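Take a look at the structure set out below.
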Amino acid sequence: MCLINGKDYNYYLYADLKKYCTFKIGGKAKYVVEVYNIPALINVCYKCKLHNIKYKAIGLGANLLFSDAGFDGVIIVNKASQIMFRKTNVYATSGVVVSNLISKCIEHNLSGLEYLAGIPSTVGGAITNSLGAFNADFANFVEYVVCLDLNNFKIVKLDNSQCQFGYRTSIFKSGNFIILKTKLKLQHLDKAKIKENFLVALNKKISTQPLNYPSAGSVFKRTDVIPAKLIDELGLKGLRTNGASVSTKHAGFIINEGGASSSDVIDLINKIKAKVKKAYQVDLPLEIEIVE
Ligand SMILES: Cc1cc2nc3c(=O)[nH]c(=O)nc-3n(C[C@H](O)[C@H](O)[C@H](O)COP(=O)(O)OP(=O)(O)OC[C@H]3O[C@@H](n4cnc5c(N)ncnc54)[C@H](O)[C@@H]3O)c2cc1C
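The sequence shown begins at 37 in our numbering and counts up by one.
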């Protein structure tokens with residue numbers, strides 16, 4: 037693969053994946069390519085496909101656990117960050133960081149996304165995972181998503197219903213698309229009120245989640261049970277495997293207290309799953325994604 041470092045790309049050989057995820061865990065990727073605009077994102081995907089190289093596009097890596105063995109291919113770090121405002125419509129490329137988007141929306145007196153304060157994500161990750169908190173869902177503001185269909189390398193526009201948004205899921209979870217950009221529809225509101233909503237949401241996050249430790253957020257997905265509640269009831273807060281432990285602040289989080297490996301986290305996950313299964317006959321599905 038031939039890329040030139042510059043304003044469109046930056047690439048690194050045998051790059052440490054710890055730097056590209058919020059868990060600060062993982063081996064090395066054969067290549068990491070940071071892309072700074074949408075044509076560069078498409079070009080890297082195309083070149084990988086052409087040369088039959090395994091690849092994966094990521095945002096902040098806030099929902100990922102990279103394997104200790106690393107990634108034998110290209111991790112594409114999406115930093116394509118353009119935002120445009122037209123009245124209550126917001127056009128954003130997929131590498132825009134949601135916290136930056138929220139700040140810009142507040143400047144433009146646009147309300148909706150401020151309830152997602154304090155959650156690490158890019159727009160691409162938020163759409164893929166149907167990011168949400170406190171009854172606010174990113175998906176509710178999406179009018180359409182423009183993406184690259186990896187089966188035929190055609191650019192397609194999917195409206196909200198075609199995105200198949202569900203609880204922490206969407207059509208993009210299949211890995212068959214690269215999200216390029218989106219149009220969001222927000223609402224005008226008084227700036228002071230939006231800032232107040234923002235601070236309430238942010239304070240809730242700070243008071244309930246271990247944001248001072250590396251993690252990938254909630255490890256297990258909510259189904260008809262709340263995993264954190266079951267884990268807490270079983271007294272598993274503080275359970276550990278080496279540097280990985282169940283947060284004492286939020287039982288749904290596994291934190292990296294320093295030097296945790298991916299296999300430490302997986303070992304801890306298996307211990308938790310086994311104890312929950314034994315006590316409640318419930319299988320906890322993963323919300324975090326293991327990348328290998
Ligand atoms: C402290 C903390 C708190 C959290 N709290 C919440 C919460 O309250 N609510 C919640 O929903 N989540 C929460 N999370 C999880 C995480 O923030 C979300 O899942 C987020 O949307 C991940 O975004 P990302 O950009 O980092 O995506 P990544 O983790 O980098 O990627 C996630 C998936 O999206 C895919 N993807 C990313 N960009 C693209 C693209 N352009 N095209 C195609 N596929 C793409 C990746 O391949 C991967 O499969 C939390 C995480 C942390 C660390």
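Ideal Cβ placement from N, Cα and C applies to all residues, glycine included. This structure is a prediction, so every number in the text was calculated from the model and none was measured.
Segments of 3+ residues assigned as beta strand (DSSP E) that fall wholly inside the stretch 223-309: 280-282 and 290-292
Of the listed residues Lys229, Ala175, Gly154 and Gly106, nearest to Ala162 (C-alpha basis): As a working mapping, residue 162 is identified with position 126 in the sequence shown. Checked all of Lys229, Ala175, Gly154 and Gly106; the closest Cα to Ala162 is Ala175.
Where Glu70 sits in the DSSP three-state scheme: Your numbering for residue 70 matches position 34 in the sequence shown. Strand, per DSSP.
Short Cβ contact (7 Å threshold) for Leu216 with Ile94: Looking up residue 216 in the sequence shown gives position 180. Looking up residue 94 in the sequence shown gives position 58. No. Outside cutoff.
Presumed contact (8 Å Cβ cut-off) between Thr158 and Leu96, rounded CB distance: Here residue 158 refers to the residue found at position 122 of the sequence shown. Here residue 96 refers to the residue found at position 60 of the sequence shown. Yes, they are in contact, since the Cβ atoms of Thr158 and Leu96 sit about 6 Å apart, within 8 Å.
Limits of the alpha helix (DSSP H) - the one that Leu96 falls within: The residue given as residue 96 occupies position 60 in the sequence shown. Counting along the chain, Leu96 falls outside any alpha helix (DSSP H), and DSSP gives it neither H nor E.
Cβ pair count under 8 Å reaching 3, the stretch 204-220 against the stretch 178-185: yes
Whether Asn278 touches Asp260 by CB criterion (7 Å): Numbered from 1 along the sequence shown, position 242 holds the residue referred to as residue 278. Numbered from 1 along the sequence shown, position 224 holds the residue referred to as residue 260. It is not a contact, given that the beta carbons lie outside the stated cut-off.
Segment contact flag, the stretch 276-293 with the stretch 244-260, C-beta cutoff 8 Å, min 3 pairs: yes
Spatial distance of Glu143 from Glu293 (CA atoms): Walking along the sequence shown from the start, residue 143 turns up at place 107. Walking along the sequence shown from the start, residue 293 turns up at place 257. Straight-line Cα distance between these residues: approximately 37 Å.
Leu186 Cβ short of 6 Å to ligand 1 heavy atom set: Taking the first residue of the sequence shown as position 1, residue 186 is located at position 150. No; taking the cut-off as 6 Å, the Cβ of Leu186 has no heavy atom of ligand 1 nearer than that.
Reduced DSSP category for Ile324 - H, G, I as helix; E, B as strand; rest coil: Position 288 of the sequence shown, counted from the first residue, corresponds to residue 324. If DSSP states are grouped into helix, strand and coil, Ile324 belongs with coil.
Backbone CA spacing between Ala310 and Val318 [nearest angstrom]: Here the question's residue 310 lines up with position 274 in the sequence shown. Here the question's residue 318 lines up with position 282 in the sequence shown. Rounded to the nearest angstrom, the two C-alpha atoms are 9 Å apart.
Three-state class that DSSP yields for Leu167 in the structure shown: Within the sequence shown, numbered from 1, the residue matching residue 167 stands at position 131. Reduced to three states, the DSSP call for Leu167 is coil.
Cβ separation of Ile119 and Val126, assumed to be a contact under 8 Å, to the nearest whole Å: For the purposes of this step, residue 119 is taken as the residue at position 83 of the sequence shown. For the purposes of this step, residue 126 is taken as the residue at position 90 of the sequence shown. Right, the Cβ-Cβ distance comes to about 7 Å (below 8 Å), so this counts as a contact.
Own chain partners of Phe177 with C-beta closer than 7 Å, once the 5 adjacent residues on each side are dropped: On the sequence shown, position 141 is the one that residue 177 refers to. Closer than 7 Å at the Cβ level, and outside the excluded window around Phe177, lie Gly148, Leu149, Leu220, Lys221 and Leu222.
beta-carbon Pro321 near ligand 1 non-hydrogen atom, thresh 6 Å: The residue given as residue 321 occupies position 285 in the sequence shown. No, since every heavy atom of ligand 1 falls outside the 6 Å radius drawn around the Cβ of Pro321.
Secondary structure of Leu186, DSSP reduced to three states: The residue you call residue 186 lines up with position 150 of the sequence shown. Coil.
Any non-hydrogen atom of ligand 1 within 6 Å of Asn114 CB: Here residue 114 corresponds to residue number 78 of the sequence shown, with the count starting at 1. Because some heavy atom of ligand 1 lies under 6 Å away, the Cβ of Asn114 counts as near it: yes.
N- and C-terminal bounds of the beta strand (DSSP E) containing Ile138: In the sequence shown, counting from the first residue as 1, residue 138 sits at position 102. No beta strand (DSSP E) holds Ile138; the alpha helix (DSSP H) holding it covers Val134 to Glu143.
Check whether Thr58 and Ala252 have beta carbons under 7 Å apart: As a position in the sequence shown, residue 58 is number 22, starting the count at 1. As a position in the sequence shown, residue 252 is number 216, starting the count at 1. Contact flag set, yes.
Proximity test, Lys54 beta-carbon vs ligand 1 heavy atom, cut-off 6 Å: Along the sequence shown, read from residue 1 onward, the residue named residue 54 stands at position 18. No, since every heavy atom of ligand 1 falls outside the 6 Å radius drawn around the Cβ of Lys54.
Any non-hydrogen atom of ligand 1 within 6 Å of Ser251 CB: For the purposes of this step, residue 251 is taken as residue 215 along the sequence shown, with counting starting at 1. Yes, ligand 1 has a heavy atom inside 6 Å of this Cβ.
Local Cβ density within 10 Å of Val80, reported as buried at 16 or more and exposed below that: Here residue 80 is taken as the residue at index 44 of the sequence shown, counted from 1. By the 10 Å Cβ count, Val80 comes out buried.
Nearest residue (CA-CA) to His87, options Val71, Leu77, Ser210 and Val110: Position 51 of the sequence shown, counting from 1, holds the residue named residue 87. Cα-wise, what sits closest to His87 is Val110.
Nonlocal neighbours in the same chain, by C-beta distance under 7 Å from Lys231, ignoring five residues either side: What you label residue 231 is simply residue 195 of the sequence shown in a count that begins at 1. Cβ neighbours of Lys231 beyond the five flanking positions: Ile142.
Closer than 6 Å: Lys231 CB and nearest ligand 1 heavy atom: Numbered from its first residue, the sequence shown carries residue 231 at position 195. It does not: the Cβ of Lys231 is nowhere closer than 6 Å to a heavy atom of ligand 1.
C-alpha gap between Leu152 and Leu167, whole angstroms: The residue you call residue 152 lines up with position 116 of the sequence shown. The residue you call residue 167 lines up with position 131 of the sequence shown. Cα-Cα distance, rounded: 8 Å.
Contact test: Lys66 Cβ vs ligand 1 heavy atom, cutoff 6 Å: What you label residue 66 is simply residue 30 of the sequence shown in a count that begins at 1. It does not: the Cβ of Lys66 is nowhere closer than 6 Å to a heavy atom of ligand 1.
Nearest to Leu186 (by Cα), restricted to the options Ile78, Phe121, Asn233 and Arg122: One-based indexing of the sequence shown puts residue 186 at position 150. Minimum Cα distance to Leu186 is reached at Ile78.
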